[in-house]
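Working notes, beginning with the structure itself.
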Amino acid sequence: MEKLLQGLNAEQREAVVTIEGPLLVLAGAGTGKTRVITVRIAWMLAHRIDPTNVLAMTFTNKAAAEMRERVAALVGPERAKLLTVGTFHAFCARFLREHAADAGLSKTFTIADEGDQLSALRGALRELAVAEATVQPSFAQSRISLAKNRLQTPESFLNDAADDREELIGRAWQRYEERLKRSNQVDFDDLLVHTVRVLKTKKAVREKLEARYRYVLVDEYQDTNAPQYEILRLIAKRHANLCVVGDDDQSIYGWRGADVKKILGFEKDFPGAKVVRLETNYRSTRQVISAANAVIKNNPSRHEKELRSSFGDGEHVMVVAAEDEMAEADHVVRDLQSLVRAQRAVLKDIAILFRSAVQTRPFEAALRARAVPYHLVGGMSFFDRKEVRDVLAYLKLAANPKDEASLMRVINTPPRGVGKTTIERLLEVTAAKGESVPDLLTRDEAVEGVPAEVLAGLRAFHANLADLGRNEPGKALVSTVTRVLDVVGYKGEVERNYPDKLECEQRWQSVMEVLNFAENYVRRAAKPSLGGFLEELTLSAEDRDDKDKEAKGDKVTLMTLHAAKGLEFPRVYLVGLEEGLLPHQRAVEEGTVEEERRLAYVGVTRARMALTLTWSRSRSKFGKRAESYASRFLYEMKNEQPPKEWRAAAPAGARAEPSRGSRSGTRRGAATQRGGASRKRRTRV
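Structure below.
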């Protein structure tokens, strides 16, 4: 048993051996939190805690898989299988499948992916005669998602509407919910919201869960939103054996509902909670950690802690002031090339991090001009490819014939004579009756304005898919998917659209990859089903944090700060450290500068051995050249006050006043003074 604790420091050991009661583990960047969580689970099992009584929640599939693998290595795969480990959304999907009736759902419900949600919202806005120029479906989708993550309802949202646009979104939300219900669908946020509702209103169901999960662990607790917090509170309140691991200094997802107040208020919410601080950083040098500590201590709302580097001294943190964004990019690319030529680095060791995706253009241009291979994180996901979305739409229709969004996606794919006029007529007729197009296709009746032969073809198409999904395929899932592709003639559709043989083959490989997913799913699942397969695929597609982060081969990585969370690189260039970029102008206007400071902290702590901070004295904005000022965070890292001519980003319409500098700093000389014929200034923190 003591062998499990070998190699842990005193704070890590304390977190591992504290099993009973509420526990808050404040795990600073690079302090070994994943090891602590997995060893703690192994320690619990070693103390005869039944693995079926343990629930471990994560935020990404990748984190859940890593946790399972690490625990299995410590306790053996058989015992590890008995644990409940997974993301919040996967846990809630399984819960709702078991308690569908309690949630007012059908057991065959499907999960609406992002495309389905946008389709339903377009339909809702169309019913309200609201032009997309007035309310963009994507904007409405993000606002509704944020509201659900704050446990608002359409009615409460409407009551709190601040303007006409919010009122339109609230009304669209009501129609959107009706459309999802008609289609027997829930969206990702509904998985959480419905689970909360069941746990609050169905005492017997809640007590069953409380009795089973006597020990609950949560990773990345700072990212929890209101429904996730309620789920944890409701499950863990009887036994109070809730261990949460996180870092309030890395809470950077407020824009999608994460509430840093949950981790800040843990001791109040769970009286008697023990707090363990992990402050030894095993990732970065002293210079990098000093810069991180210097910036984050300026946030007033945080748990007191200060990272210590286990590495000791390394390279100085460099600061580069460039004349403009092109010069900034040129400097970064020249610098990394010189490091590679001197054999001090390889390209895959290097990351260029930025606040907003729009900042990539000059860096991509500079990298291409110098023939430096790079990998831009955030390109098209496998799940966004047309062929994959088409195949999933067919399969969703087979599993759930009421799925209107999937039907509308493939209603004329391959072509079956259904033009735009026919589609509009079908939508018009069904909207007037308060039903969906799939409902209409189940009845043998004419529709004025729709040719009888077209309607008959649609009914046959819809019925064929419903028949294919009527019986669970079990281990024969791959054959069922293949049969669906044959019935709809999808191979011919791909060949028709892509006459070039090579491109056609590449497109078809995406379809074959769905079959590979199915084969892997059948191999792993205890009771494989078409619905289970689609659920796993849909939840995987939603797991954005796992997408396409690792470059193949020796390439420089370009990514946003949000995407970089959880990663590390030997060398990091944190670029665009300017007022209005980091902190972002929108954050200044909305009063969320503290989250921007946490974002800067996350960026700094991605660097292991070397960190370069860059900014531009001017930048093109809205087609015009504008003067820029170094970010307040840069001065905070240097423990300096800005010079007199410096201006902070200010809310729109307000006058930008000179900053009085960091609360903790004393001026040692501005890092950003102009000088040198090249108008580029290189200093160090």
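Counting in this note's numbering, the sequence shown runs from 1 upward without gaps. Backbone N, C-alpha and C fix where the C-beta goes; we use that ideal spot for every residue, glycine too. Remember, it's a predicted structure, so these values are computed and weren't measured experimentally.
inquiry  = Closest to Arg507 by C-alpha separation, out of Arg389, Val245, Val454, Ile350, would be which residue?
reply    = Arg389
message = Please give the ranges of any alpha helix (DSSP H) in the stretch 249-335, keeping only runs that are unbroken, at least 4 residues long and fully inside the region.
response = 261-264, 266-269, 286-296
task = Could you pull out every residue in the same chain whose Cβ sits closer than 8 angstroms to the Cβ of Leu465, ignoring the five residues on either side in sequence?
result = Tyr394, Leu397, Ala398, Pro401, Val484, Val487, Val488
query = Considering only the beta carbon of each residue, do Gly576 and Arg334 sit closer than 8 angstroms?
reply = no
query = Which word fits Asp500, buried or exposed, when buried means at least 16 other C-beta atoms lie within 10 angstroms of its C-beta?
reply = exposed
ask   = Going along the chain, which unbroken runs of the beta strand (DSSP E) with 3 or more residues stay wholly within the stretch 594-624?
value = 607-616, 618-621
message = If you reduce the DSSP assignment to three classes, tell me which class Arg571 lands in.
response = strand
key: Three-state secondary structure (DSSP) of Gly86   = strand
query = In angstroms, rounded to a whole number, what distance separates the CA positions of Ala446 and Ala456?
reply = 10 angstroms
inquiry  = Along the chain, where does the beta strand (DSSP E) containing Val54 start, and where does it finish?
reply    = 54-58
inquiry  = Quick check on Leu530: buried or exposed, where buried means 16 or more other Cβ atoms within 10 Å of its Cβ?
reply    = buried
key: Inter-residue Cα distance where the pair is Asp269 and Thr201   = 21 angstroms
query = Is Leu567 closer than 8 angstroms to Gly603 when the C-beta atoms are compared?
reply = no
query = Nearest CA to the CA of Ala525: which residue from His47, Pro473, Val320?
reply = Pro473
key: Contacting residues, own chain, Cβ-Cβ under 6 angstroms from Asp324 (five flanking each side not counted)   = Ser616, Ser618
key: Element boundaries [alpha helix (DSSP H), containing Gly123]   = 114-127
task = Would you please state the rounded distance, in angstroms, between the beta carbons of Gln12 and Gly32? I believe it to be under 8 angstroms.
result = 6 angstroms
key: Minimum C-alpha distance to Thr110 - residue among Glu177, Asn184, Arg606   = Asn184
Enclosing beta strand (DSSP E) for His562 [first to last residue] = From DSSP, His562 is part of no beta strand (DSSP E) but of the alpha helix (DSSP H) over 561-564.
ask   = Considering only residues of the same chain and omitting the five flanking positions on each side of Val135, which have a CB-CB separation below 8 angstroms?
value = Leu125, Arg165, Leu168, Ile169, Ala172
message = Please classify Pro687 as buried or exposed, where buried requires at least 16 neighbouring CB atoms within 10 angstroms.
response = No statement about residue 687 is possible, as the shown extent of the chain runs from 1 to 685 and does not include it.
request  = Could you say if the stretch 243-258 and the stretch 98-109 meet the contact criterion of at least three C-beta pairs nearer than 8 angstroms?
outcome  = no
query = Do the CB positions of Pro362 and Met326 come within less than 8 angstroms of each other?
reply = yes
message = Using 8 angstroms for Cβ pairs, my map puts Gly257 next to Asn159. What's the rounded Cβ distance?
response = About 20 angstroms; that fails the 8 angstroms criterion.
key: the stretch 88-102 in contact with the stretch 112-131 per 3-pair CB rule at 8 angstroms   = no
query = Among Gly532, Lys644, Gln343, which one has its Cα closest to the Cα of Lys475?
reply = Gly532
inquiry  = Going residue by residue through the stretch 176-235, where are the continuous alpha helix (DSSP H) segments of at least 4 residues, counting only ones entirely within it?
reply    = 188-201, 203-212
ask   = Can you check whether the CB of Asp349 is closer than 8 angstroms to the CB of Arg571?
value = yes
query = In the DSSP assignment, what are the bridge partners of Glu627?
reply = Ser618
query = So what does Glu578 bridge to, in DSSP terms?
reply = Ala630
Simplified DSSP assignment, three categories, for Leu477 = helix
task = Pair every Cβ in the stretch 574-591 with every Cβ in the stretch 274-287, then say whether three or more of these pairs are closer than 8 angstroms.
result = no
message = Can you check which of these residues, Val25, Glu513, Val332, is closest to Ala709 by C-alpha distance?
response = Because the chain spans 1 through 685 in this model, residue 709 falls outside it and cannot be assessed.
request  = Using alpha carbons as the reference points, say which of Thr557, Glu594, Leu539 lies closest to Lys757.
outcome  = Given a span of 1 to 685 for the chain in the structure shown, any question on residue 757 remains unanswerable.
query = Distance, Cα to Cα, Ala147 vs Thr683?
reply = 45 angstroms
query = Assuming Asp219 contacts Thr58 under a Cβ cut-off of 8 angstroms, what Cβ separation, rounded to an integer in Å, is found between them?
reply = 5 angstroms
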